[in-house]
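The numbering of the sequence shown is my numbering, which starts it at -4 and goes up by one.
Idealized CB from N, CA, C, for every residue including glycine.
Here's the structure we're looking at; comments come further down.
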Amino acid sequence: MKRSYASFSISENKRYIHLLLIAFIGFLVYSNTFAVPFHFDDTSGIVENHSIRDFSDFCPPKGPRWVGTLSFALNFKLGGLNVTGYHIVNLIIHILNSFLVYFIVLLTFKTPLLQYSISKYRTQQYPYPLIALLSALIFISHPVQTGAVTYIVQRFASLATFFYLLSLLMYIKARLAQNLVYFLLSFISAILAMKTKEISFTLPFIVVLYEFYFFGKSHFYLNKKRFLFLIPFLLTLIIIPLSILKGSRPLTDVLNELSGLPQETDAIPRVVYLMTQFRVIVTYIKLLFMPVNLNLDYDYPLSSSFFEAQTFLSFLFLLFIFGLAVYLLRRGYKTGNGPCLLISFGIVWFFVTLSVESSLIPIRDVIFEHRLYLPFAGAAISFSTTLFFLLINIKERFMLRINVLRSLFILFLLTIIPLGIASYNRNLVWKDGITLWEDVIKKSPNKARGYNNLGNAFFLKGFTDKSIGYFEIALRLKPNYAEAYNNLGNVYYRKGHIDKAVELFQASLNINPDYADAHNNLGVAYKEKGQTDKAIEHYNHAMRQKPGLAEVYSNLGVVYGSNGQIDKAIEYFQTSLRVRPDYADAHNNLGAAYKAKGLSGTAVEHYHKALKLKPGFVKVHINLGLLYLEMGEIEKARKEFETALKLSPDSYHAQEFLKLIQNMDKGPSR
């Protein structure tokens, strides 16, 4: 007689309630992130990434992260550099990923081995969909996920996870329904995942493992039908190496770049990196259970020997967890206990999906919290299943009168609410550069990068004197820190100490002769000193090293403009705007150049574009006022100078030009 599983199924209404609850908690947790500014790698990945400003760079598809970069290009097209749009997209992706976790768990309970488990143990009266709900809620509310959601540029991780999970979900549906349409969708999603971030390299292995876990009987066997299902996924393994491969290069070089992140393979040998990762993975596991002292920039020491106490004990601990996964797998097959299989699969998922960034491929930063985003899906499923079945086993073993639904509600209160509050509070740290890097130096007091970035945050806010101290601390901790010398040079340049600034920019270049920003800044300093030949030399060097640096083209235009070569200056200003169409300074400079050529209408147009891109740009209001004054439009000129004075009450030029207009109003004295 065939058993009925109606009591296991979930009604459409309840499913919608679950999804609404997941989305509501996600919105609540991240409701304070929509104004969080660009931080850290957001600058190079988005703000200074000229490729996202031109859709021609995306056709034909190229680059290992084509899909992720395209998503930023769409954001830029719709809202420029307004951070709100980027955060909305990141949150939507995070909510969708939580939905996918939910549906993967639901469908897994419809696979042959899980159905057999339900039938054998007659536990269909228990609400298994609540495991799916709890998994999704933990995934969406856990504070460690803020590293991939609030940190905008780490959309690469969350978007790759979206296609990764969608591919697996469609594969499960294809296997359950024997429907080739779902299989095709799964295959397409796998390709998109591979073209979003390199962590997707593990997807074919997860698909094979899923087949092994939930569509086998007592052991794994590959008949022709299964083999045909799996072959296309295995073929996708070549996508990432081919995307990274440039010309004829050794395979080892390709593997070194699989992470897609800045690397120092010479500084961190493979074996040292692997030994360090034993401790790093234990740190990740600790963060899953105790998400305290989260940190954007860890000061993590390298392991020098496998037999160091921490390294060796970490290895044994990870070996124990992996052994537990193997034990649960064998027990699940032997006894028909489906939940054991699900817990084991979640553990294996965690280790497999971490393997790209936590194995033998050295990455400059040995630990980053956003690397947990994809592995966390498996951890959440494993944790939720363990909680649920511990509760059921305690009830049955001790014959306790426990209301399972009420107990799960208490578990929800004890788990999700504290996690959500912790995430909300963690997001407050991302409020601005000062709060973020103050948090970093508190947790990594001996790491120079935090002090350098905090100094830069104070400098950008106008606290130049305060920033000096942080740059000096950074240089004490790391005497060969080129970026800190460059930033300190910017401070002294702003304070008017040009010779000191030149000395610091030169010190930066002594450490890193190809540092484009330092060459550009040194060019600005030499221009200020009247040494235009030296300025041009350094601008050209910066341009060769960093063709996407819009500032250097604009600065070259200023030099040629001051030498009377207006047409050449206009050419460089236009190049600057081709590289970065939203660069307000280049529009201002272009306006001044067209004014010098007598093209007042074109000059006004560029001044207005500059103000649209950078409201409150005092210099543009003054330049526009001067242009109107020359054109005889006195009232328009007065309005611009008054606006400049409101924005900057100490503006000498605005005060003087307003006095000039007032004297003109009085007419000649008698």
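Rounded C-alpha distance that separates residue i from residue j
i	j	result
arginine 539	lysine 473	28 Å
leucine 337	isoleucine 376	8 Å
aspartate 494	valine 486	12 Å
valine 78	asparagine 85	11 Å
valine 24	histidine 82	13 Å
lysine 281	glutamate 498	46 Å
alanine 632	valine 599	12 Å
serine 162	isoleucine 99	10 Å
glycine 684	leucine 69	Given a span of -4 to 665 for the chain in the structure shown, any question on residue 684 remains unanswerable.
lysine 541	tyrosine 166	43 Å
proline 264	serine 354	12 Å
glutamine 149	serine 595	44 Å
asparagine 288	leucine 297	20 Å
tryptophan 432	leucine 470	16 Å
lysine 361	valine 96	The amino acid at residue 361 is misidentified as lysine; the sequence shows valine. Approximately 27 Å, taken between the alpha carbons.
arginine 170	glycine 611	59 Å
leucine 15	leucine 180	25 Å
arginine 325	leucine 319	10 Å
Proximal residues to residue i (C-beta, below 7 Å), its chain only, five neighbours per side dropped
i	result
serine 254	Confidence at serine 254 is low in this model, with a pLDDT of 44, below 50, so its placement is unreliable and the value that follows should be read with caution. The residues are Glu193, Val351, Glu352, Ile356 and Ile358.
leucine 187	Val62 and Phe158
glycine 543	Glu43, His45 and Val574
phenylalanine 200	Val347
threonine 64	Ser46, Ile47 and Gly58
leucine 229	Pro199
alanine 520	Tyr488, Ile493, Ala496, Val497 and Phe500
Assigned exposure category for residue i - 16 Cβ within 10 Å defines buried
i	result
serine 26	exposed
serine 418	buried
glutamine 305	exposed
threonine 38	exposed
glycine 627	exposed
arginine 117	Confidence in arginine 117 is poor, its pLDDT being 49 and thus under 50, which makes the residue's placement unreliable; the coordinate value appears in the next sentence. Exposed, since its Cβ has fewer than 16 Cβ neighbours within 10 Å.
glutamate 625	exposed
glutamine 657	exposed
threonine 330	exposed
tyrosine 647	exposed
proline 644	exposed
proline 286	buried
lysine 9	exposed
tyrosine 651	Tyrosine is not the amino acid found at residue 651; the sequence shown has glutamate there. Classification of glutamate 651: exposed, given that the 10 Å Cβ count is below 16.
serine 51	exposed
valine 275	buried
Cβ shell of residue i (< 6 Å), same chain only, five flanking positions each side left out
i	result
phenylalanine 687	A query on residue 687 cannot be resolved here, the shown segment of the chain reaching from -4 to 665 and no further.
tyrosine 208	Leu336 and Phe340
leucine 585	Phe568 and His601
leucine 291	Val435
glycine 556	Ala564 and Ala588
lysine 461	Phe453
threonine 638	His616
proline 685	An answer regarding residue 685 cannot be provided, because it is not within the stretch -4 to 665 covered by the chain.
isoleucine 429	Ala452
phenylalanine 466	Gly450, Ala479, Asn482 and Leu483
tryptophan 344	Gly373
alanine 262	none
Distance cut-off 6 Å: residue i Cβ against heavy atoms of the ligand COA
i	result
histidine 536	With respect to the ligand COA, the structure offers nothing, as it holds no ligand at all.
Residue nearest to residue i in terms of C-alpha spacing, selected from the options
i	options	result
valine 139	Gly333, Leu414, Tyr589 and Thr106	Leu414
isoleucine 342	Ile88, Asn290 and Leu283	Leu283
alanine 530	Val275, Leu125 and Val553	Val553
histidine 582	Arg421, Leu606 and Leu125	Leu606
valine 202	Ser184, Lys190 and Leu225	Leu225
threonine 410	Asp52, Glu635 and Ala131	Ala131
glutamine 733	Leu408, Thr570 and His514	Only positions -4 to 665 of the chain appear in this structure, which leaves residue 733 out of reach.
tyrosine 146	Thr28, Leu229 and Thr64	Thr28
isoleucine 20	Ser299, Leu128, Leu108 and Phe371	Leu128
valine 424	Ala30, Asp528 and Ser238	Ala30
isoleucine 416	Thr141, Leu109 and Leu14	Thr141
isoleucine 88	Glu303, Ile17 and Phe317	Ile17
leucine 154	Tyr205, Ile90 and Phe104	Ile90
isoleucine 133	Leu108, Leu323 and Leu382	Leu382
Sequence-distant residues of the same chain with beta carbon closer than 8 Å to residue i, five excluded per side
i	result
alanine 152	Ala143, Lys192, Ile194, His365, Arg366, Tyr368 and Leu369
alanine 666	No statement about residue 666 is possible, as the shown extent of the chain runs from -4 to 665 and does not include it.
valine 277	Ser309, Phe312 and Leu313
methionine 659	Ile629
alanine 172	none
Contact belief for residue i with residue j at Cβ below 8 Å, rounded distance in angstroms
i	j	result
phenylalanine 33	arginine 48	Going by Cβ atoms, the distance from phenylalanine 33 to arginine 48 rounds to 15 Å, so no, they are not a contact pair.
leucine 622	phenylalanine 636	Rounded, the Cβ-Cβ distance is 12 Å, inconsistent with contact.
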